[in-house]
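Chemist:
Residue numbers (the numbering used here): 13 to 379.
1) Excluding the five sequence neighbours on either side, which residues of its own chain have a C-beta within less than 8 Å of the C-beta of residue 302, listed in chain order?
2) Any heavy atom of the ligand FAD inside 7 Å of the beta-carbon of residue 283?
3) Enumerate in chain order the residues of its own chain whose CB-to-CB distance from residue 340 is below 7 Å, with the five nearest sequence positions on each side excluded.
4) Assign residue 295 to one of three DSSP states: helix, strand, or coil.
5) Based on DSSP bridge pairs, tell me the residues matched to residue 63.
6) If you follow the alpha helix (DSSP H) that residue 112 is part of, which residue opens it and which one closes it?
7) Under DSSP, the beta strand (DSSP E) around residue 137 begins and ends at which residues?
8) With DSSP as the reference, please indicate the residues paired to residue 239 in a beta bridge.
9) Excluding the five sequence neighbours on either side, which residues of its own chain have a C-beta within less than 7 Å of the C-beta of residue 191, listed in chain order?
10) Determine the DSSP secondary structure at residue 177, reduced to helix, strand or coil.
11) Quick check on the DSSP output: the alpha helix (DSSP H) that includes residue 130 runs from which residue to which?
12) Count the other CB atoms within 10 Å of the CB of residue 124; is the residue buried (16 or more) or exposed (fewer)?
13) If residue 296 sits next to residue 377, beta carbons under 8 Å apart, how far is it from one beta carbon to the other, in whole angstroms?
14) On the DSSP bridge list, what partners appear for residue 170?
15) I want to know whether the stretch 230-246 touches the stretch 304-324 - three or more CB-CB distances under 8 Å.
16) For residue 362, which residues from the same chain have a beta carbon less than 7 Å from its beta carbon, with the 5 sequence-adjacent residues on both sides left out?
17) With a threshold of 6 Å on Cβ separation, who are the neighbours of residue 360 within its own chain once the five nearest residues in sequence on each side are excluded?
18) Could you check the C-alpha separation between residue 198 and residue 353 for me, to the nearest Å?
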């Protein structure tokens with residue numbers, strides 16, 4: 013009786029449908045296992061990452077640098093010892109000596125979490141953004157290290173300079189990053205997912221039967237996405253200006269031009285991802301595979317310099333990295349269209365757009 017029941021037959025049909033689509037099997041079972049493996053290696057137990065700080069070079073920088081070096085040497089010699097034997101700060105500190113102008117620029121652009129400015133042998137100034145927890149933690153750790161090296165707690169006279177000027181705060185750099193994320197999400201989900209849904213519903217086959225050229229159909233979808241881009245960006249800029257006093261130092265037309273080129277690049281990637289996908293599971297997995305690395309590595313939420321020098325060429329090639337950097341240059345630094353940083357970003361984004369559109373149009377399937 014059970015074998016001939018509609019429930020059982022429908023159940024078997026669903027199992028067979030799933031089993032006959034290898035892409036579904038991979039994204040349901042293989043991809044989570046692969047992701048868990050990668051993240052397991054990435055976040056396995058290891059020594060704490062060093063605190064990266066900038067020290068303004070000068071004659072009074074030597075005692076601070078020596079104190080930090082002694083702290084690092086004590087940590088290295090006490091590996092495996094109880095935490096109380098190495099002092100209250102158990103994280104190494106990596107110091108980069110820089111000029112005052114370079115250190116100021118790095119802290120203002122979010123590339124550094126803490127700037128130390130020596131003011132004499134027994135006094136120093138910490139310059140940082142108090143809204144960033146990692147900056148506050150680094151300030152406390154470095155101050156404790158230098159105080160201990162001076163012989164007792166609080167012998168030095170530390171001064172704090174909070175970076176709260178509009179344009180140098182964390183929120184000022186975050187909003188252009190969110191504009192970039194919006195362009196990426198709209199290009200991938202708004203175009204790629206839409207096309208796959210039409211393919212699943214057999215609507216693309218209906219368009220195939222018409223005399224409409226392929227580029228007209230895809231161009232209309234792209235044009236509609238770019239139309240929605242304007243209110244999306246305007247809403248974020250309006251929120252930043254009214255709620256957070258976000259400065260707008262560059263030309264808004266250049267800002268929108270950069271965002272449109274970035275949206276074209278992600279539209280091309282979305283079209284490429286959707287060119288052959290035939291199930292929502294497949295396209296969802298591909299979208300996440302493309303978007304997740306850029307979410308984490310493109311400098312939207314924290315500086316790309318946290319990933320080391322060896323990773324910088326790869327990170328610079330990501331379209332979201334270039335889009336976010338160019339948006340920040342225009343909005344916060346007042347860069348123009350012919351600024352080298354903006355031109356370089358536009359060139360890389362244009363290459364992504366042209367390359368992905370070309371390949372996608374070549375392999376696109378209507379059914």
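Think of the CB as a built atom: it goes at the ideal place given N, C-alpha and C, for glycine as much as any other residue.
Modeler: Inspection of the coordinates gives the following:
1) Taken in chain order, the residues that qualify are 200, 281, 285.
2) This structure does not include the ligand FAD; it has no bound ligands of any sort.
3) So the qualifying residues of the chain are 185, 188.
4) It is helical.
5) Answer by DSSP bridge pairing, in chain order: 105.
6) Looking at the DSSP string, the run of the alpha helix (DSSP H) that includes residue 112 is 112-120.
7) From DSSP, the beta strand (DSSP E) with residue 137 extends over 135-140.
8) BP columns for residue 239 are empty, so no partner.
9) Excluding its 5 nearest sequence neighbours in each direction, residue 191 has C-beta neighbours in its own chain below 7 Å: 245, 248, 271, 339, listed in chain order.
10) Residue 177: coil per DSSP, three-state reduction.
11) From DSSP, residue 130 is part of no alpha helix (DSSP H) but of the beta strand (DSSP E) over 127-130.
12) Under the 10 Å beta carbon count, residue 124 is surrounded by 16 or more other beta carbons and is classified as buried.
13) Incorrect: roughly 18 Å between the Cβ atoms, too far for contact.
14) Per DSSP, 136.
15) Verdict: no, contact absent.
16) Correct list, in chain order: 273.
17) Taking residue 360 as the centre and dropping the five residues before and after it, the same chain places the C-beta of 334 closer than 6 Å to its C-beta, in chain order.
18) Answer to the nearest angstrom: the Cα atoms are 24 Å apart.
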